[in-house]
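Reading through the structure tokens given below for one structure.
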Amino acid sequence: MSKNCSLAETGELLKAAKKLVIVSHVSPDGDTLGSSLALMHALRALGKDVIMNVDDDISTVYSFLPGIQEYRRFGADETIEADLLVIIDASSADRAGNAMEVVRPGAVLNIDHHKTNTRFADYLYLDSDAAATAEIIYALLLEMGTEFTTDIATCIYEGIYTDTGSFKYSNTTSKTMETAAALLKHGVNPSLVSDNMELRSRSQVEMLRKVLETLTFLKDGKIAYIEIAPELYDRNVDTDAFISYPRYIEGVEIALLFKQPEENLTRVSFRSKEIDVAKIAVSFGGGGHKKAAGCSIYAPMKEAEKIVLQAVEDLFV
Numbered sequence: 001m002s003k004n005c006s007l008a009e010t011g012e013l014l015k016a017a018k019k020l021v022i023v024s025h026v027s028p029d030g031d032t033l034g035s036s037l038a039l040m041h042a043l044r045a046l047g048k049d050v051i052m053n054v055d056d057d058i059s060t061v062y063s064f065l066p067g068i069q070e071y072r073r074f075g076a077d078e079t080i081e082a083d084l085l086v087i088i089d090a091s092s093a094d095r096a097g098n099a100m101e102v103v104r105p106g107a108v109l110n111i112d113h114h115k116t117n118t119r120f121a122d123y124l125y126l127d128s129d130a131a132a133t134a135e136i137i138y139a140l141l142l143e144m145g146t147e148f149t150t151d152i153a154t155c156i157y158e159g160i161y162t163d164t165g166s167f168k169y170s171n172t173t174s175k176t177m178e179t180a181a182a183l184l185k186h187g188v189n190p191s192l193v194s195d196n197m198e199l200r201s202r203s204q205v206e207m208l209r210k211v212l213e214t215l216t217f218l219k220d221g222k223i224a225y226i227e228i229a230p231e232l233y234d235r236n237v238d239t240d241a242f243i244s245y246p247r248y249i250e251g252v253e254i255a256l257l258f259k260q261p262e263e264n265l266t267r268v269s270f271r272s273k274e275i276d277v278a279k280i281a282v283s284f285g286g287g288g289h290k291k292a293a294g295c296s297i298y299a300p301m302k303e304a305e306k307i308v309l310q311a312v313e314d315l316f317v
């Protein structure tokens, strides 16, 4: 069980450590990457030794983020000593990939905004009301007295931009907009972020065309799902936005995206209009928010689809 930390206590933990490993969650999105990179820049400015890790591939769509090249993927046989292991935007230990096996930390700190958090770390700062973990990082760096650079501000802004669906999702609050406005004062170029995040490569559009051919409806159109088969999967193609297509079809209440990046691993994304899909994700060891969640099923895609879709269909009995 984690010790709940205040923002000030979280800042003190970070300041006390000399060597830190910062981990972004698997299937990395803009929030986990932007939040982690902003924290990296701030801690390195304090003279800290910081290693960046994600146990997954990073889409090239995020290549504009300052410091993105600092990420590395740990080998299973590695051992890394650190004072503090900091896991960002992950609600459960499995979302950290192999970091908790590779890193030998003095303690594990988890900074998160998911209400489904399983309290797996030694120390936890959790704000489930925050629109994004990046919003938490902004408040944390203010608490720590960080001098905001354009690089730090850009990373935080991108994280908030991602998790609010470019400021259009229902989690966007007045606090969110005030934070974004403050970041602009530190040199953020909104068009740089939006242009990069909205840019679509030819390979992405070509994949989307093939993925949309898999669109399937269940329960009189209340459930819709799409698939990225192993032979179609390409780690260099960002597919996070694909789920928006079944999500916004009239009559669809739950949308799912299945993709198989490895032989016995299937990533599942859930989206809904009102139904709490986080409960389904948690039942499979994942987590997330009421209307946006995900999990990993250690099985081939067709096998994973069978058990997940049955759980989703049971909601409409």
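So that you can map any letter, position 298 of the sequence shown is 298 in UniProt numbering, and since no number is skipped, the others follow by simple counting.
No residue lacks a Cβ here, since even glycine has one placed at the ideal position from N, Cα and C.
Handout entry: DSSP state of Met-52 mapped onto helix, strand, coil
Key = Within the sequence shown, the letter at position 52 stands for residue 52. If DSSP states are grouped into helix, strand and coil, Met-52 belongs with the strands.
Problem - Start-to-end residues for the beta strand (DSSP E) that takes in Thr-266 - result: Working through the sequence shown from its first residue, we reach residue 266 at position 266. 265 to 272 is the extent of the beta strand (DSSP E) around Thr-266.
Handout entry: For Glu-101 and Tyr-245, the rounded distance between their alpha carbons
Key = As a position in the sequence shown, residue 245 is number 245, starting the count at 1. As a position in the sequence shown, residue 101 is number 101, starting the count at 1. Between Tyr-245 and Glu-101, the C-alpha separation is close to 37 Å.
Problem - Contiguous alpha helix (DSSP H) assignments of at least 4 residues, all confined to the region 40 to 123 - result: Qualifying alpha helix (DSSP H) stretches, in chain order: 99 to 102.
Exercise for the section: Take every Cβ of the region 80 to 98, pair it with every Cβ of the region 286 to 299, and state whether three or more of those distances are shorter than 8 Å. Expected result: yes
Problem - Pick from Ser-59, Ala-131, Lys-15 that is closest to His-289, judged by C-alpha positions - result: As a first step, residue 289 is located in the sequence shown; it is residue number 289 there, counting from the start. The residue with the shortest Cα to Cα distance from His-289 is Ala-131.
Handout entry: Endpoints, the alpha helix (DSSP H) within which Gly-286 is located
Key = Within the sequence shown, numbered from 1, the residue matching residue 286 stands at position 286. Counting along the chain, Gly-286 falls outside any alpha helix (DSSP H), and DSSP gives it neither H nor E.
Practice task
Report yes if the C-beta distance between Leu-39 and Leu-140 is below 9 Å; otherwise report no.
Solution key: Within the sequence shown, numbered from 1, the residue matching residue 39 stands at position 39. Within the sequence shown, numbered from 1, the residue matching residue 140 stands at position 140. Going by C-beta atoms, Leu-39 is nearer than 9 Å to Leu-140.
Problem - Endpoints, the alpha helix (DSSP H) within which Leu-20 is located - result: If you number the sequence shown from 1, residue 20 lands on position 20. Note, Leu-20: premise wrong, no alpha helix (DSSP H); beta strand (DSSP E) at 19 to 24.
Practice task
Reducing DSSP to helix, strand and coil, say where Thr-173 ends up.
Solution key: The residue labelled residue 173 in the question sits at position 173 within the sequence shown. In this structure, Thr-173 counts as coil in the three-state DSSP scheme.
Practice task
Would you mind stating whether Ile-111 and Ile-80 have Cβ atoms separated by less than 9 Å?
Solution key: For the purposes of this step, residue 111 is taken as the residue at position 111 of the sequence shown. For the purposes of this step, residue 80 is taken as the residue at position 80 of the sequence shown. Contact: no.
Practice task
For Glu-227, I'd like the list of residues in its chain whose CB is within less than 6 Å of its CB, leaving aside the five on either flank, ordered along the chain.
Solution key: If you number the sequence shown from 1, residue 227 lands on position 227. Only Thr-214, Phe-258 meet the Cβ criterion.
Problem - Exposure label - Ala-76; buried when at least 16 CB within 10 Å - result: By one-based count along the sequence shown, residue 76 stands at place 76. The residue is exposed, with fewer than 16 neighbouring Cβ atoms inside 10 Å.
Practice task
Kindly indicate which residue of Leu-183, Ile-136, Lys-175, Thr-172 has the alpha-carbon position closest to the one of Asp-151.
Solution key: Locating residue 151 in the sequence shown gives position 151, where the first residue counts as 1. Checking every option, the nearest Cα to that of Asp-151 belongs to Leu-183.
Practice task
Assuming Asn-189 and Phe-64 form a contact by the criterion Cβ under 8 Å, report the distance between their Cβ atoms to the nearest whole angstrom.
Solution key: Here residue 189 corresponds to residue number 189 of the sequence shown, with the count starting at 1. Here residue 64 corresponds to residue number 64 of the sequence shown, with the count starting at 1. Not really, about 10 Å apart at Cβ, beyond 8 Å.
Exercise for the section: Just the C-alpha distance for Ile-254 and Asn-117, rounded to the nearest angstrom, thanks. Expected result: In the sequence shown, the residue the question calls residue 254 occupies position 254. In the sequence shown, the residue the question calls residue 117 occupies position 117. Spanning the two alpha carbons is a distance of roughly 22 Å.
Exercise for the section: Starting from Pro-261, follow the beta strand (DSSP E) in both directions and report where the run begins and ends. Expected result: Residue numbering aside, residue 261 sits at position 261 when the sequence shown is read from its first letter. Per DSSP, Pro-261 belongs to the beta strand (DSSP E) from 254 to 262.
Problem - Exposure label - Arg-247; buried when at least 16 CB within 10 Å - result: Against the sequence shown, residue 247 aligns to sequence position 247. Classification for Arg-247: buried.
Handout entry: Rounded C-alpha distance that separates Glu-303 from Val-252
Key = Here residue 303 refers to the residue found at position 303 when the sequence shown is read from its first residue. Here residue 252 refers to the residue found at position 252 when the sequence shown is read from its first residue. Spanning the two alpha carbons is a distance of roughly 23 Å.
Practice task
Take Pro-235 and list the residues in its own chain whose beta-carbon comes closer than 6 Å to its own, dropping the five residues that flank it on each side.
Solution key: Numbered from 1 along the sequence shown, position 235 holds the residue referred to as residue 235. What sits at residue 235 in the sequence shown is Arg, not Pro. Correct list, in chain order: Asp-57.
Exercise for the section: Check whether the Cβ atoms of Ser-194 and Tyr-161 lie closer than 9 Å to each other. Expected result: By one-based count along the sequence shown, residue 194 stands at place 194. By one-based count along the sequence shown, residue 161 stands at place 161. Yes, they are a contact pair.
Handout entry: Same chain only: Cβ atoms within 7 Å of Glu-143, ignoring 5 sequence neighbours per side
Key = The residue given as residue 143 occupies position 143 in the sequence shown. Shown here for Glu-143: same chain residues with a beta carbon closer than 7 Å to its own, the five before and five after excluded, namely Leu-7, Ala-8, Gly-11 in chain order.
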